[in-house]
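Asker: In my numbering, the protein residues as written are 171 to 325.
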């Protein structure tokens, strides 16, 4: 059994686009959504909401909020964006790291992470403020996992 909570600031930001206009890496006009809908966190949230993965009430609420926010990312008034470049960076880094011990020893961390672990990591790291891309949406997060359930790997 596991659960987590993400604590966001409650201030309302106003921005006209998902990207900050002065952001140095904003070289394209269109938002690249290939990693937005194909990452492991999105797939996990979809599976929880569709009932393919059994989850508690609060996990379902967090997954539904995640999917709703993904749908709002193209809205001009939405104060956050999902940093797909950071998703790619995290995925590539996890492909370089090997599991030292356990059932998955010798394999990559990318292959060993479970859906809930990807969901937690990408949700916490990749949601950012549109007006200030250096500031993450969730400044604090709590992950509650019973022992022997993959609790060390996301840290």
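All C-beta atoms, glycine included, are put in the ideal place defined by N, C-alpha and C.
(1) Give, in chain order, every unbroken run of the beta strand (DSSP E) that is at least 3 residues long and sits entirely within the segment 198-246.
(2) On the criterion of 16 or more Cβ atoms from any shown chain inside 10 Å, does residue 300 qualify as buried, or is it exposed?
(3) Counting pairs of Cβ atoms below 8 Å between the segment 209-217 and the segment 272-287, do you hit three or more?
(4) Would you identify the three-state DSSP class for residue 259, choosing helix, strand or coil?
(5) Assign residue 317 to buried or exposed, taking buried as 16 or more other Cβ atoms, counted over all protein chains shown, within 10 Å of its Cβ.
(6) To the nearest angstrom, how far is it from the Cα of residue 234 to the Cα of residue 274?
(7) Pairs of beta-carbons, one from the segment 246-261 and one from the segment 223-230, closer than 8 Å: are there three or more?
(8) Per DSSP, which one or two residues make a beta bridge with residue 278?
(9) Just how far apart, CA to CA, sit residue 190 and residue 237?
(10) Could you work out which residue in 239, 222, 221 is closest to residue 293 when comparing CA atoms only?
(11) Out of 206, 253, 208, 218, which one is the CA nearest neighbour of residue 302?
(12) On the DSSP bridge assignment, give the partners of residue 287 in chain order.
(13) Leaving out five residues on either side along the sequence, give the residues of the same chain with a beta carbon under 8 Å from the beta carbon of residue 297.
(14) Under 6 Å Cβ to Cβ from residue 267, same chain only, skipping five residues before and after it: list those, please.
(15) For residue 282, count neighbouring C-beta atoms within 10 Å of its own C-beta (all shown protein chains included) and say buried if the count is 16 or more, exposed if not.
(16) Would you identify the three-state DSSP class for residue 196, choosing helix, strand or coil?
Answerer: In brief:
(1) Segments of the beta strand (DSSP E) lying fully in the segment 198-246: there are none.
(2) Result: buried.
(3) Three or more beta-carbon pairs drawn from the segment 209-217 and the segment 272-287 are found closer than 8 Å, and the two stretches are therefore classed as touching.
(4) Reduced to three states, the DSSP call for residue 259 is helix.
(5) Flag for residue 317 reads exposed.
(6) When rounded, the distance between both Cα atoms is 30 Å.
(7) Touching, no, given that fewer than three Cβ pairs across the two stretches are closer than 8 Å.
(8) DSSP, once it has assigned bridges, lists 268 as partnering residue 278.
(9) At residue 190, the pLDDT of 41 sits below 50, so the modelled position is not reliable; the number obtained from the coordinates is stated separately. If you take the alpha carbons of residue 190 and residue 237, they lie about 22 Å apart.
(10) Distance check between residue 293 and each of 239, 222, 221 places 239 closest, using alpha-carbon atoms only.
(11) Taking only the C-alpha atoms, the option nearest residue 302 is 253.
(12) In the DSSP output, where bridge partners are listed per residue, residue 287 has none listed.
(13) The answer, listed in chain order, is 239, 250, 251, 252, 253, 306, 307, 308.
(14) Taken in chain order, the residues that qualify are 279.
(15) Looking at its Cβ environment, which holds 16 or more other Cβ atoms inside 10 Å, residue 282 is buried.
(16) A caution first: residue 196 carries a pLDDT of 44, below 50, which makes its placement in the model unreliable, though a value can still be read off. DSSP places residue 196 in coil when its eight states are reduced to three.
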